[in-house]
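*Asks:*
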Amino acid sequence: MKIHFDPLLIKSDERLAAVRALLQLLEEAVPEHEERDRTELRKRASIQGWDFSEYDMQRQIHDSRFRFWLPRFAAYSVVTLLFTVLEVQLLECASRAQRRLNSPFGPEDIRGRGIESAAVYLIKSGVSDVKQDTAWSTLTDLRDLRNLIVHRAGTSGEKHQETVNRLRETYKGDLEIEETPMDWWNEVLISMKLCRHFTNEVEAFLGRVVADVNAS
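Taking numbering that gives the first Met the number 0, the leading residue of the sequence shown gets 0, the next gets one more, and so forth.
And the structure:
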């Protein structure tokens, strides 16, 4: 039996495996680091004889770092990286389709950017109707979430409030905005469970698209 190695699938699988590894590392490392840092804080307070108010202020800073910022930034990193993998791999699928069809018309000739231009090319060339794929709406949610992170540091703002409300409703319990005093931050909180869901959807989607391209 002849084994066929597909470089496009291998590259996609390796990149997504790295995303999964990052997810696991963040889930395991952040709680461990939080506990270690909290223990060091108690020791420092005891050695230096802090009063309660001084210790409490440092404890709040500690909690803000590990329970507010790190969970957000960890998820932001995964979402941004995952969308980059999707964008690169989908564009490579479109480029392979062009080569297989021996067409002078390529994805770079499509108006638009990123996954949109690649998707339109695959549809117009008759290779894969990606926008009818069961994962497409989830992938556009991933794109909107990535844009919210990259362009607004995860905050909504009036212009993006409709998008935030839609995502909150779609992924209730896994995507929230916790109100803070005086609306200082109000950054999106994304669960690691949702990050895994997006990763699974990207993996399954790219597998189907590669199969369509190879059949063209």
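Where a beta carbon is used, it is the ideal one built from N, C-alpha and C, also for glycine. Keep in mind that this is a model prediction, so the values were computed, not measured.
#1: Can you grab the Cα-Cα spacing for the pair T44 / R151, in whole Å?
#2: For V208, tell me which candidate among A117, E27, F72 and P70 has the shortest Cα-Cα distance.
#3: Classify R11: buried if its beta carbon has 16 or more other beta carbons within 10 angstroms, exposed otherwise.
#4: Quick one: is D108 buried, meaning 16 or more other Cβ sit within 10 Å of its Cβ, or exposed?
#5: With 16 other CB atoms within 10 Å as the buried threshold, where does V149 fall?
#6: Can you give me the start and stop residues for the alpha helix (DSSP H) that E86 sits inside?
#7: If you count every other CB in all the chains shown that lies within 10 Å of the CB of T137, and 16 or more means buried, which is it?
#8: With distances taken Cα to Cα, identify the nearest neighbour of E33 among N185, N164, R58 and Q131.
#9: Compare the Cα-Cα distances from S80 to each of A210, S215, G206 and V201 and report the closest residue.
*Replies:* Once the coordinates are examined:
#1: In the sequence as presented, Thr is not what sits at residue 44; that position holds Ala. Each residue's alpha carbon lies about 37 Å from the other.
#2: Selected option, being the one with the closest Cα: A117.
#3: Residue 11 is actually Ser in this sequence, not Arg. With 16 or more neighbouring CB atoms inside 10 Å of its own CB, S11 falls in the buried class.
#4: D108 is exposed by the Cβ-count criterion.
#5: With fewer than 16 other Cβ atoms within 10 Å, it is exposed.
#6: Looking at the DSSP string, the run of the alpha helix (DSSP H) that includes E86 is L69 to L100.
#7: With 16 or more neighbouring CB atoms inside 10 Å of its own CB, T137 falls in the buried class.
#8: Of the candidates N185, N164, R58 and Q131, the one whose C-alpha sits nearest the C-alpha of E33 is R58.
#9: The sequence as given places Leu at residue 80; Ser does not occur at that position. The shortest C-alpha separation from L80 is found at V201.
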